[in-house]
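Asker: Going left to right, the sequence shown walks through residues 24 to 506 as the numbering used here numbers them. By construction, the Cβ of each residue, glycine as well, lies at the ideal position given by its N, Cα and C atoms. Dumping the structure here so I can ask a few things about it.
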Amino acid sequence: MANEHVDVLIVGAGLSGIGAAYHLQQKCPGKTYAILEGRDAIGGTWDLFRYPGIRSDSDMFTLGYSFKPWTEEKAIAAGPTILNYIRQTASDNNIEPHIRFNHRVKRASWSSKDARWTVEAERGEGREVVTFTCGFLFQCSGYYDYEQGYTPDFAGVDSFRGQIVHPQKWTSDIDYKDKRVVVIGSGATAVTLVPEMAKGAKHVTMLQRSPTYVVARPGSDELAIKLRRRFGPRVAYQLIRWRNVLFGMYFFQLCRRKPERAKQLLLGGVRLALGKDFDVAKHFTPTYNPWQQRLCLVPDGDLFKTIREGRASVVTNHIDRFTENGIRLKDGSELEADMIVTATGLNLKVMGGVALTVDGKAIEPSQLMSYKGMMYSDVPNLATATGYTNASWTLKCDLTCEYVCRLLNYMDRHGYRTSVPRQNDPSVMEAPWLDFTSGYVQRSVAKFPKQGSKRPWKLYQNYALDIVTLRFGKVDDGVMQYS
Ligand SMILES: Cc1cc2nc3c(=O)[nH]c(=O)nc-3n(C[C@H](O)[C@H](O)[C@H](O)COP(=O)(O)OP(=O)(O)OC[C@H]3O[C@@H](n4cnc5c(N)ncnc54)[C@H](O)[C@@H]3O)c2cc1C
Numbered sequence: 024m025a026n027e028h029v030d031v032l033i034v035g036a037g038l039s040g041i042g043a044a045y046h047l048q049q050k051c052p053g054k055t056y057a058i059l060e061g062r063d064a065i066g067g068t069w070d071l072f073r074y075p076g077i078r079s080d081s082d083m084f085t086l087g088y089s090f091k092p093w094t095e096e097k098a099i100a101a102g103p104t105i106l107n108y109i110r111q112t113a114s115d116n117n118i119e120p121h122i123r124f125n126h127r128v129k130r131a132s133w134s135s136k137d138a139r140w141t142v143e144a145e146r147g148e149g150r151e152v153v154t155f156t157c158g159f160l161f162q163c164s165g166y167y168d169y170e171q172g173y174t175p176d177f178a179g180v181d182s183f184r185g186q187i188v189h190p191q192k193w194t195s196d197i198d199y200k201d202k203r204v205v206v207i208g209s210g211a212t213a214v215t216l217v218p219e220m221a222k223g224a225k226h227v228t229m230l231q232r233s234p235t236y237v238v239a240r241p242g243s244d245e246l247a248i249k250l251r252r253r254f255g256p257r258v259a260y261q262l263i264r265w266r267n268v269l270f271g272m273y274f275f276q277l278c279r280r281k282p283e284r285a286k287q288l289l290l291g292g293v294r295l296a297l298g299k300d301f302d303v304a305k306h307f308t309p310t311y312n313p314w315q316q317r318l319c320l321v322p323d324g325d326l327f328k329t330i331r332e333g334r335a336s337v338v339t340n341h342i343d344r345f346t347e348n349g350i351r352l353k354d355g356s357e358l359e360a361d362m363i364v365t366a367t368g369l370n371l372k373v374m375g376g377v378a379l380t381v382d383g384k385a386i387e388p389s390q391l392m393s394y395k396g397m398m399y400s401d402v403p404n405l406a407t408a409t410g411y412t413n414a415s416w417t418l419k420c421d422l423t424c425e426y427v428c429r430l431l432n433y434m435d436r437h438g439y440r441t442s443v444p445r446q447n448d449p450s451v452m453e454a455p456w457l458d459f460t461s462g463y464v465q466r467s468v469a470k471f472p473k474q475g476s477k478r479p480w481k482l483y484q485n486y487a488l489d490i491v492t493l494r495f496g497k498v499d500d501g502v503m504q505y506s
């Protein structure tokens, strides 16, 4: 069978893959493209995760696309509403016919002679290998392993007589009604699960090894609702989006420059929500400074309310082992449980697990340096859509898509077929891709490409700066080589 050839091949039909298709259609209307999606559905994260209460942990005015106003009432939105938004974007723009579902990309090989990628995917259950070729490969494959979430090796797991579930594997038949539930973890998933499960469970205990910064924000944005009525959805969306972007940038800078002040602000909020008798120092005061790890956002303080009402509690302690009836802690006490939910995180995955070669040479992602946080030293015609750690994912993905479209149009105008960033500056030092201290980052960061110590190799995690660089900056900057 002849290979299918397209100008641009997108890997992944999640939030960023559908966004990438939209940008391509709008800004490079002459380009042919296809999306290879490993699963049988659109939506990625927002289709995969089905645990109770699944929702965004940043506001939808910044997690939404720049081109499609978020018009739902909730700013911190439920997973199914986000999935609907992505599906709607795909159907409104006739993107679905371009998606090849059940195509898991395994390998991509670049040939300089032909100026194209040959991409191998496994199709369907039978894993039949199908081959595509493309001029430009756009990885929109997210950042974690879809097969398995992360679970530490807990001693005695087999002895536990109740049910153990990882949130990534949640199915609709899981019943927790009137059960004693222990949720292990203190990240975004745990703080989502606890108040939601507490509505039906007998009691929910959030068991954490160490606390996380948790901040309450309104679930709905009253100003947005008023502005929408007055100016219509498009204007309101842009206004609220910018307000949220600027506030997020201000708060991040405050955390970096005056961490003690930021810490007191955050802890003050928790004390107010939980009352003076609650041990905030023990359960909600991390040992690190704010934004050295992601902040956890709880809409309308739902977690705090559930704790106050006694339907949930927090235990900060180390696990010794699982027992028949629950979990024994290092201090010898035991938490009894009928169900244990291991909200212990994700396994990060580089470039959707695709093995890359350039002119027959295997590429080791950890040896690469990222260019503008989206392309890589010595890897031609390939970009990845990844988001910010300190702001909503889509803010950066939208800019990356705009940049890729500008690059493709620039190449067409000048008759170039290849673009490759080259790092020839000996004064550029290597640094890890992410400077977060979180366990899930530290476990995997060595496998990820590096960033450099200065432009255009440094990741600033700053939307305003990226607008300047990616939307307006020169595509021919002396570092990107064309041929
Ligand atoms: C529970 C949860 C909540 C989150 N909440 C927020 C939030 O509130 N704000 C925020 O900014 N970020 C959040 N994130 C991060 C979130 O993943 C991003 O916001 C966003 O959804 C990522 O979109 P994506 O399309 O880039 O990746 P994904 O949603 O991961 O989609 C990637 C797609 O690529 C496909 N794929 C991967 N590898 C291959 C391959 N080799 N071949 C073919 N297909 C492949 C996958 O099947 C998937 O469909 C959250 C993440 C999780 C897990």
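Please classify Tyr426 as buried or exposed, where buried requires at least 16 neighbouring CB atoms within 10 angstroms.
Answerer: On the sequence shown, position 403 is the one that residue 426 refers to. It is buried - the Cβ of Tyr426 has at least 16 other Cβ atoms within 10 Å.
Asker: Quick one: what's got a C-beta closer than 6 Å to Val377's C-beta in the same chain, skipping five residues either side?
Answerer: Position 354 of the sequence shown, counting from 1, holds the residue named residue 377. Same-chain partners within the cutoff: Val128 and Ala131.
Asker: Hey, Asn26 and Phe155: beta-carbon distance below 9 Å or not?
Answerer: Within the sequence shown, numbered from 1, the residue matching residue 26 stands at position 3. Within the sequence shown, numbered from 1, the residue matching residue 155 stands at position 132. Contact flag set, yes.
Asker: Given this structure, state the Cα-to-Cα distance separating Arg110 from Lys54, to the nearest angstrom.
Answerer: Sequence index remark: in the sequence shown, residue 110 carries index 87 (1-based). Sequence index remark: in the sequence shown, residue 54 carries index 31 (1-based). Going by the C-alpha atoms only, they are around 22 Å apart.
Asker: At a threshold of 8 Å, does Cys51 count as lining ligand 1 (C-beta to nearest heavy atom)?
Answerer: On the sequence shown, residue 51 is found 28 positions in, with the first residue counted as 1. Incorrect: Cys51 has no Cβ contact closer than 8 Å to ligand 1.
Asker: Is the separation between the beta-carbon of Asn404 and that of Trp133 shorter than 9 Å?
Answerer: In the sequence shown, residue 404 corresponds to position 381, counting from 1. In the sequence shown, residue 133 corresponds to position 110, counting from 1. Their beta carbons are under 9 Å apart, which means Asn404 touches Trp133 by this criterion.
Asker: Exposed or buried, which one is Ser467 when buried takes at least 16 other CB atoms within 10 Å?
Answerer: Looking up residue 467 in the sequence shown gives position 444. Buried.
Asker: Can you name the residues that DSSP bridges to Phe345?
Answerer: Residue mapping note: residue 345 aligns to position 322 of the sequence shown, counting from 1. In DSSP, Phe345 forms a bridge with Ile350.
Asker: In angstroms, rounded to a whole number, what distance separates the CA positions of Arg436 and Thr365?
Answerer: Numbered from its first residue, the sequence shown carries residue 436 at position 413. Numbered from its first residue, the sequence shown carries residue 365 at position 342. Roughly 53 Å between the two C-alpha positions.
Asker: Which first and last residues belong to the alpha helix (DSSP H) in which Val258 is found?
Answerer: On the sequence shown, position 235 is the one that residue 258 refers to. Element bounds for Val258: Pro256 to Arg280.
Asker: From Gly37 to Leu86, what does the alpha carbon distance come to, in whole angstroms?
Answerer: Reading the sequence shown from its first residue, position 14 is the one you call residue 37. Reading the sequence shown from its first residue, position 63 is the one you call residue 86. The alpha-carbon atoms of Gly37 and Leu86 are separated by roughly 13 Å.
Asker: Is the beta carbon of Ile197 within less than 8 Å of some heavy atom of ligand 1?
Answerer: Your numbering for residue 197 matches position 174 in the sequence shown. Because no heavy atom of ligand 1 lies under 8 Å away, the Cβ of Ile197 does not count as near it: no.
Asker: Ignore the nearest five residues each way along the sequence and tell me which others in Asn116's own chain have a CB closer than 8 Å to its CB.
Answerer: The residue labelled residue 116 in the question sits at position 93 within the sequence shown. Once the five neighbours on either side are set aside, the close Cβ partners of Asn116 are Ala44, Tyr45 and Gln48.
Asker: When you compare each of Asp343, Thr310, Tyr439 and Thr412 to Gly158 by their alpha carbons, which one comes out closest?
Answerer: Within the sequence shown, numbered from 1, the residue matching residue 158 stands at position 135. Nearest C-alpha to Gly158: Tyr439.
Asker: Can you look up Ile109 in the DSSP assignment and give me helix, strand or coil?
Answerer: Working through the sequence shown from its first residue, we reach residue 109 at position 86. DSSP places Ile109 in helix when its eight states are reduced to three.
Asker: Please classify Pro514: is it buried, with 16 or more other beta-carbons within 10 angstroms of its beta-carbon, or exposed?
Answerer: The displayed coordinates of the chain run from 24 to 506. Any statement about residue 514 would go beyond what the structure contains.
Asker: If we ignore side chains and look at the alpha-carbon of each, how far apart do Arg253 and Tyr260 end up?
Answerer: As a first step, residue 253 is located in the sequence shown; it is residue number 230 there, counting from the start. As a first step, residue 260 is located in the sequence shown; it is residue number 237 there, counting from the start. Rounded to whole angstroms, Arg253 to Tyr260 spans 12 Å at the Cα level.
Asker: Tell me whether the beta-carbon of Met220 lies closer than 9 Å to the beta-carbon of Pro103.
Answerer: In the sequence shown, counting from the first residue as 1, residue 220 sits at position 197. In the sequence shown, counting from the first residue as 1, residue 103 sits at position 80. Against a cut-off of 9 Å, the Cβ pair of Pro103 and Met220 comes out as no contact.
Asker: Could you check what DSSP says for Met392 in three-state terms: helix, strand or coil?
Answerer: Residue 392 sits at position 369 when you count from the first residue of the sequence shown. Of the three classes helix, strand and coil, the one that applies to Met392 here is strand, per DSSP.
Asker: Pick helix, strand or coil for Asn432, following the three-state DSSP scheme.
Answerer: Start at 1 with the first residue of the sequence shown, and residue 432 comes out as number 409. The answer is helix: DSSP assigns Asn432 an H, G or I state.
Asker: Where do the ends of the beta strand (DSSP E) carrying Leu457 lie?
Answerer: Position 434 of the sequence shown, counted from the first residue, corresponds to residue 457. Leu457 -> no beta strand (DSSP E), and no H or E assigned at all.
Asker: Return the residue from the list Lys91, Phe345, Ile363 and Asn348 that minimises the CA-CA distance to Ala213.
Answerer: By 1-based counting over the sequence shown, the position of residue 213 is 190. When each option's Cα is compared against that of Ala213, the closest is Ile363.
Asker: Can you give the beta carbon distance from Gly368 to Tyr463, rounded, assuming they're within the 8 Å contact cut?
Answerer: By 1-based counting over the sequence shown, the position of residue 368 is 345. By 1-based counting over the sequence shown, the position of residue 463 is 440. About 5 Å separates the two Cβ atoms, so the contact holds.
Asker: So is Asn447 buried or exposed if we call it buried at 16+ other beta carbons inside 10 Å?
Answerer: As a working mapping, residue 447 is identified with position 424 in the sequence shown. Asn447 is exposed by the Cβ-count criterion.
Asker: Go through its chain and collect everything with a Cβ distance to Val153's Cβ below 6 Å, but skip five positions before and after it.
Answerer: By 1-based counting over the sequence shown, the position of residue 153 is 130. Excluding residues within five positions, the ones whose Cβ falls inside 6 Å are Ala144 and Arg146.
Asker: Taking 8 Å as the cut-off, is the beta-carbon of Pro129 closer than that to any non-hydrogen atom of ligand 1?
Answerer: The residue given as residue 129 occupies position 106 in the sequence shown. The sequence given here has Lys at residue 129, not Pro. True, at least one ligand heavy atom lies under 8 Å from that Cβ.
Asker: Quick one, are the C-beta atoms of Arg203 and Asp361 less than 9 Å apart?
Answerer: Residue numbering aside, residue 203 sits at position 180 when the sequence shown is read from its first letter. Residue numbering aside, residue 361 sits at position 338 when the sequence shown is read from its first letter. Yes.
Asker: Here's a check: name, in chain order, each residue in its chain whose Cβ is nearer than 6 Å to the Cβ of Ser461, leaving out the five neighbours to either side.
Answerer: Residue 461 sits at position 438 when you count from the first residue of the sequence shown. Same-chain partners within the cutoff: Gln316.
Asker: Please go through the same chain and pick out, in chain order, the residues whose beta-carbon is closer than 6 Å to the beta-carbon of Lys473, but skip the five residues on each side of it.
Answerer: Position 450 of the sequence shown, counting from 1, holds the residue named residue 473. Closer than 6 Å at Cβ, skipping near neighbours: Met392 and Glu453.
Asker: Run through DSSP, which three-state label would Gly102 get?
Answerer: Here the question's residue 102 lines up with position 79 in the sequence shown. Gly102 falls in the helix class under three-state DSSP.
Asker: Taking the alpha-carbon of Ala414 as reference, which of Arg62, Ile41, Asp80 and Trp69 has the nearest alpha-carbon?
Answerer: Numbered from its first residue, the sequence shown carries residue 414 at position 391. Nearest of Arg62, Ile41, Asp80 and Trp69 to Ala414, Cα basis: Asp80.
Asker: Please go through the same chain and pick out, in chain order, the residues whose beta-carbon is closer than 7 Å to the beta-carbon of Leu371, but skip the five residues on each side of it.
Answerer: The residue you call residue 371 lines up with position 348 of the sequence shown. Result list for Leu371: Tyr166, Tyr167, Tyr463 and Ser467, in chain order.
Asker: Taking DSSP as the reference, what is the three-state secondary structure of Ala408?
Answerer: Numbered from 1 along the sequence shown, position 385 holds the residue referred to as residue 408. In this structure, DSSP gives Ala408 a state outside helix and strand, which the three-state scheme calls coil.
Asker: Suppose you measure from the CA of Gly242 to the CA of His226; what does that come to, to the nearest Å?
Answerer: Numbered from its first residue, the sequence shown carries residue 242 at position 219. Numbered from its first residue, the sequence shown carries residue 226 at position 203. Annotation: Gly242 to His226 spans about 24 Å, alpha carbon to alpha carbon.
Asker: CA-CA distance, Tyr311 and Asp198?
Answerer: The count along the sequence shown starts at 1 and reaches residue 311 at position 288. The count along the sequence shown starts at 1 and reaches residue 198 at position 175. Distance between the alpha carbons of Tyr311 and Asp198 is about 36 Å.
Asker: Can you tell me whether Val180 is buried or exposed, with buried defined as 16 or more other CB within 10 angstroms of its CB?
Answerer: Position 157 of the sequence shown holds residue 180. Exposed, by the Cβ-count rule.
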